[in-house]
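Trainee: The sequence shown: position 55 = 808 (my numbering), numbered continuously.
Glycine included, C-beta positions come from ideal geometry on N, C-alpha and C.
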Amino acid sequence: MRKIACFLAVTLLISRFCFSQSFSVTTLSPISIGSIDTQHKPQGKTWFYAGKWWAAIPPSVGGTKLYRLDGTTWTQMLNLSTSGSRPDCWVVGDLVHILLYKGSGTNSIVTLQYNPATSTYNFWSQRPTATNFTLPTGVESATLTVDGTGRMWVADDIVTDMEVRWSDAPYTTWSNPIILASGTTSDDICAVTKLNGKVGLFWSNQTTGLFGFRTHTDGANPASWTATETPGSESIIPGNPKMADDHMNLVLASDGTLYVAAKTSYDAGNLPELVFFVRRPSGIWDPMYTVTTNSETDGTQAIVVLNEVSGKVKVVYTSATNGGSILCKESSISNISFGSPTTLITDATPLYNFSSSTHFPYNPTVAIIATKISTPRQVVSVLLNDQGGPPDNTAPTVSGVTRFNPTAQNTTATSVTYQVSFSEAVSGVDNADFALTATGSAAGSIASTTGSGSTYQVTVSGITGTGTLRLDVKASGTGITDP
754 MRKIACFLAV TLLISRFCFS QSFSVTTLSP ISIGSIDTQH KPQGKTWFYA GKWWAAIPPS
814 VGGTKLYRLD GTTWTQMLNL STSGSRPDCW VVGDLVHILL YKGSGTNSIV TLQYNPATST
874 YNFWSQRPTA TNFTLPTGVE SATLTVDGTG RMWVADDIVT DMEVRWSDAP YTTWSNPIIL
934 ASGTTSDDIC AVTKLNGKVG LFWSNQTTGL FGFRTHTDGA NPASWTATET PGSESIIPGN
994 PKMADDHMNL VLASDGTLYV AAKTSYDAGN LPELVFFVRR PSGIWDPMYT VTTNSETDGT
1054 QAIVVLNEVS GKVKVVYTSA TNGGSILCKE SSISNISFGS PTTLITDATP LYNFSSSTHF
1114 PYNPTVAIIA TKISTPRQVV SVLLNDQGGP PDNTAPTVSG VTRFNPTAQN TTATSVTYQV
1174 SFSEAVSGVD NADFALTATG SAAGSIASTT GSGSTYQVTV SGITGTGTLR LDVKASGTGI
1234 TDP
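(1) Pop quiz: residue 798 and residue 821 are said to be a contact at Cβ under 8 Å. What is the actual Cβ separation, rounded to whole angstroms?
(2) So, helix, strand or coil for residue 980, using DSSP?
(3) Would residue 998 be called buried (16 or more neighbouring beta carbons within 10 Å of its own) or exposed?
(4) As an exercise, report each continuous beta strand (DSSP E) stretch of at least 3 residues that is fully enclosed by the stretch 1056-1104, in chain order.
(5) What did DSSP end up calling residue 809 once you bin it into helix, strand or coil?
(6) Return the first residue and the last residue of the beta strand (DSSP E) that residue 1169 is part of.
(7) Does the pairing of the stretch 901-915 with the stretch 931-943 give three or more beta-carbon distances under 8 Å?
(8) Roughly how far, in whole angstroms, is the beta-carbon of residue 1177 from the beta-carbon of residue 1061, given that I think they are within contact range, below 8 Å?
(9) Mind checking who residue 916 pairs with in its DSSP beta bridge?
(10) What residue from 979, 948 and 962 has the CA that sits closest to residue 1239's CA?
(11) Going by C-alpha to C-alpha distance, which of 780, 1053 and 790 sits closest to residue 1131?
(12) Give me the residue from 841, 1166 and 897 with the minimum Cα distance to residue 817.
(13) Do residue 921 and residue 888 have their C-beta atoms closer together than 8 Å?
(14) Report the residue from 948, 964 and 951 whose alpha carbon sits nearest the alpha carbon of residue 937.
(15) Per DSSP, residue 786 is paired with what?
(16) Are the CB atoms of residue 847 and residue 1204 within a distance shorter than 8 Å?
(17) Distance, Cα to Cα, residue 1201 vs residue 1186?
(18) In whole angstroms, what separates the C-alpha of residue 1077 from that of residue 1068?
(19) Nearest CA to the CA of residue 1171: which residue from 1164, 1151 and 1210?
(20) If you count every other CB in all the chains shown that lies within 10 Å of the CB of residue 879, and 16 or more means buried, which is it?
(21) Would you report the Cα separation of residue 1139 and residue 1063, rounded to the nearest angstrom?
(22) Entirely within the stretch 1009-1059 and at least 3 residues each: give me those beta strand (DSSP E) ranges in chain order.
(23) Measure the beta-carbon distance from residue 1011 to residue 953 and round it to whole angstroms, keeping in mind my assumption that it falls under 8 Å.
(24) Straight-line CA distance for residue 715 to residue 1056?
(25) I need the straight-line Cα distance from residue 1031 to residue 803, nearest angstrom please.
(26) Across which residues does DSSP place residue 1001 in a beta bridge pair?
(27) Would you grab the beta carbon distance between residue 1104 and residue 1089 for me? Rounded to a whole angstrom, and I think it's under 8 Å.
(28) Would you kindly work out how many angstroms separate the C-alpha atoms of residue 941 and residue 958, rounded to a whole number?
(29) Short check: CB of residue 800 to CB of residue 844, under 8 Å?
(30) Skipping 5 residues on each side, what residues in its chain have a beta carbon closer than 6 Å to that of residue 855?
(31) Please name the residue, chosen from 1156, 1113 and 1037, that lies closest to residue 985 on a Cα-to-Cα basis.
(32) So, are the CB atoms of residue 794 and residue 1000 less than 8 Å apart?
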């Protein structure tokens, strides 16, 4: 039996350039929809891969479909489901896992793999059909993520509980639910996200007026989660348990910082309406930041998008409850303070709501979609383009090299795939940047390198012999650059 091992490679020292910051807004072509809109708040329906923005959207006819952004036009590429759904999309290398959420009852997950020969996605050969699982009555929303071991997690709210369930590749069977929080209201929801070496669950509790957060370490017993953290608890108004509302959206930075856009239930006076939380890599939460107040706007349905290269974070939101304009406020990530809003989508008559975007940092563009809720109903969208930002003197490093497929330490497979993670987005990664170290009679060759941003998959094929194979990132002479 061949034993294939992998180890963390050396630190890369990569230079970067810096520019002055600005951003522009480009209006994209609309997509006609039926009764299903671009909810829910914790979900992400767009992602960037292979130089293109992609989206999972239920149009007016034909279920749920994959779209690719070509210029300013969304091109329909693939039928994901024959019925409409509210998708949540999570990218791992050249795979995208899409939760097709339909509420209580049967829900499904499809996995797509990018095909560079055709410049589009196909259904994953390891699981070419959807995996179905049942969510109980009373569920309002659901999200998914994939941890550092390749384990998939789905989180949902069930009446007064917050629960997660998990599945290992190829994600055909699911665990029983694990309840992580109880005593919430039927209006509360949650969101699950990957952290560095962990996963985390964020939820609202309108019974106590607080938000909650728990983490689980990759590879530990699935039922083993930390005690509840209460972000922003120092800002709660005594005798007024209305800080938490069922609005949240999360994005993780490459250094492990978690950014969360949320909403309070204060709804009066000059009190905070939209708020912002930051969880540092140490696990400590900053004090709560105010994005909008009640006296300024009825801001609602907020999402967060992050550009680490420009050093900016944006909160995108609807100007008024039940629909209005789509607005955006921006802050430097080094000194959180949100300025005046910029209007992204507006018109004299139509109402817009339910912004959605990506779970991942972007650079330099990000696709924002929303719903035109007045007739004729449409998915409307814009492309934000950031250019430059403050100087960044921190070089990218290799943060991990792990076996992606198969995951077992001992294997007789003649081909294995490693996942290589960097501390931030890099480019120019190819076969020549890696080396194999073998012991015994083991041998193989690096066959392909795929991926983008901070995550890549390296496939080693033609494996023969007995011993160990280790994949290293070369210490020098690589074409890897920091964009």
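Mentor: According to the structure shown:
(1) Not quite, the Cβ-Cβ distance comes to about 14 Å (not below 8 Å), so this is no contact.
(2) coil
(3) buried
(4) 1065-1071, 1079-1085 and 1095-1098
(5) strand
(6) 1169-1175
(7) yes
(8) 6 Å
(9) 909 and 932
(10) Any question about residue 1239 goes unanswered here, given that the chain covers just 754 to 1236.
(11) 790
(12) 841
(13) no
(14) 964
(15) Beta-bridge pairing links residue 786 to no other residue.
(16) yes
(17) 11 Å
(18) 16 Å
(19) 1210
(20) exposed
(21) 7 Å
(22) 1011-1016 and 1027-1032
(23) 7 Å
(24) The structure shown does not extend to residue 715, since the chain is modelled only from 754 to 1236, so the question has no answer here.
(25) 30 Å
(26) 1015
(27) Between residue 1089 and residue 1104 the Cβ distance is about 30 Å, and since that is not below 8 Å, they are no contact.
(28) 6 Å
(29) yes
(30) 838
(31) 1037
(32) yes
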